[in-house]
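Residues in the sequence shown are numbered consecutively from 592, following the numbering used here. We treat Cβ as the ideally placed atom computed from N, Cα and C, and that holds for glycine. Since the model is a prediction, treat every value here as computed from it, not as a measurement. First the structure, in the form of C-alpha cells, and then the observations on it.
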Amino acid sequence: MGYLLFVTLIQAFSFSLIGEYLAGHVDSYFAVLVRVVLAGLVFIPLTRWRSVEPSFMRGMLMIGALQFGVTYVCLYLSFRVLTVPEVLLFTILTPLHVTLIEDALNRRFNPWALVAALVAVGGAAVIRFDSINPDFFMGFLLLQLANFTYAAGQVMYKHLVAKHPSDLPHYRRFGFFYLGALAVVLPAFLMFGKANFLPEAPLQWGVLLFLGLVSTALGMYWWNKGACMVNGGTLAVMNNLHVPVGLLLNLLIWNQHEELGRLFLGGSVILAAVWISRLGIRRTA
592 MGYLLFVTLI QAFSFSLIGE YLAGHVDSYF AVLVRVVLAG LVFIPLTRWR
642 SVEPSFMRGM LMIGALQFGV TYVCLYLSFR VLTVPEVLLF TILTPLHVTL
692 IEDALNRRFN PWALVAALVA VGGAAVIRFD SINPDFFMGF LLLQLANFTY
742 AAGQVMYKHL VAKHPSDLPH YRRFGFFYLG ALAVVLPAFL MFGKANFLPE
792 APLQWGVLLF LGLVSTALGM YWWNKGACMV NGGTLAVMNN LHVPVGLLLN
842 LLIWNQHEEL GRLFLGGSVI LAAVWISRLG IRRTA
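This is the structure in C-alpha cells:
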C-alpha cells in the first residue's frame with residue numbers, strides 16, 4: 592500500500608508538470624523516449640539475464656510496450672488538445688478498463704461495463720459542452736486507449752509474477768519492462784518525432800529528468816510491485832486516488848481560472864460511471 596500511495600503523489604504532480612512545461616513546447620515522442628531511456632539506465636544494469644525464464648522476459652517486454660510505451664505516447668498526445676484537469680478526470684476510467692480486461696480473460700460479458708462507458712462519455716461531453724469538436728473527442732479516445740493499455744499492463748504483471756515465482760527481487764527482473772517500452776517509443780519517435788521541438792530551456796530538461804528518474808523509473812517499478820501486494824478492489828481505488836490529488840495541485844498552483852462548475856459536474860458523472868462499473872461487479876459476483 593505504501594508503494595501505491597507514494598506513486599500516487601508522484602503521478603499527481605507529474606500530470607501538471609507535463610501539461611504546464613512540456614505539452615505544446617517539447618515533442619511528445621521525444622519526451623516519452625527520454626523518460627524510457629533514463630529509466631532504462633537505472634534498471635537495465637541491475638537486471639539478471641541468465642536467471643530469468645524466456646517466457647517471463649517475453650511477458651515483461653509486452654507489458655512494458657503496453658503499460659508505458661503505448662500508454663504514454665497516447666497520454667502526451669492528448670495534452671495537445673486537453674487541459675490538465677480534463678486529462679486527470681478522464682484517467683478516472685482506468686478501473687473500468689481493468690474490469691473489461693478481467694472479463695475478457697474470464698470469457699464473460701458484463702453489460703454494466705458498457706453502460707458505464709456510455710455514462711463516462713456523457714460526463715466528458717458535460718465538461719466541454721460549449722466547445723465539443725473532433726480534436727476534443729480525439730483526445731478523449733487517446734486517453735481511453737492509454738487507460739486500456741495501462742490497465743492491461745497491471746493485470747498482466749500480476750498474472751505474470753504469480754505464474755513465474757522467483758527468489759530474485761522484483762528489480763532484478765524489471766529491466767525488461769523498459770526494453771519493451773523502448774521497442775514502441777523509439778520507432779514512434781523516429782517516424783513521427785519533430786526535431787525542431789526539442790527542449791531548449793533548462794527547466795524543460797529538469798522536468799524530463801524528474802519524470803524519467805522518479806516518475807518512470809521508481810514510479811512504474813513501485814506501482815507494479817505494489818499492485819502485486821493488494822487485492823483488486825484496493826488497486827482500483829488507488830488507480831483513481833491521483834485524480835483528486837492532481838486536480839488539487841493543478842488548480843491551486845497552475846490553473847486557478849479553470850471553470851470549476853462544469854468540471855465538478857462532468858467529473859461527478861464520470862465518477863458515477865466508475866460506481867456503475869463496480870456495481871456491475873457486485874451484481875455478477
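Under 7 angstroms between C-beta atoms of residue i and residue j
i           : j           : result
residue 619 : residue 667 : yes
residue 594 : residue 662 : no
residue 655 : residue 762 : no
residue 772 : residue 660 : yes
residue 780 : residue 632 : no
residue 651 : residue 767 : yes
residue 610 : residue 675 : yes
residue 629 : residue 803 : yes
residue 795 : residue 617 : yes
residue 818 : residue 754 : no
residue 776 : residue 627 : yes
residue 765 : residue 634 : yes
residue 681 : residue 732 : no
Residue burial classification, residue i (beta-carbon count within 10 angstroms, cutoff 16)
i           : result
residue 644 : exposed
residue 669 : buried
residue 810 : buried
residue 867 : buried
residue 840 : buried
residue 686 : buried
residue 696 : exposed
residue 782 : exposed
DSSP-derived helix/strand/coil call for residue i
i           : result
residue 651 : helix
residue 730 : helix
residue 682 : helix
residue 747 : helix
residue 665 : helix
residue 780 : helix
residue 670 : coil
residue 806 : helix
residue 640 : coil
residue 613 : helix
residue 755 : coil
residue 765 : coil
Same chain, Cβ closer than 7 angstroms to residue i, five either side skipped, listed in chain order
i           : result
residue 805 : 601
residue 798 : 608, 612 and 613
residue 642 : 759
residue 636 : none
residue 784 : 618, 620 and 621
residue 726 : 672
residue 706 : 867
Cutoff 6 angstroms; reference residue i; Cβ partners in own chain excluding five residues on either side
i           : result
residue 736 : 665
residue 658 : 741 and 744
residue 673 : 730
residue 808 : 630 and 633
residue 638 : 766
Spatial neighbours of residue i in its chain, beta-carbon cut-off 8 angstroms, leaving aside the 5 residues before and after
i           : result
residue 800 : 629
residue 692 : 739, 742, 743 and 746
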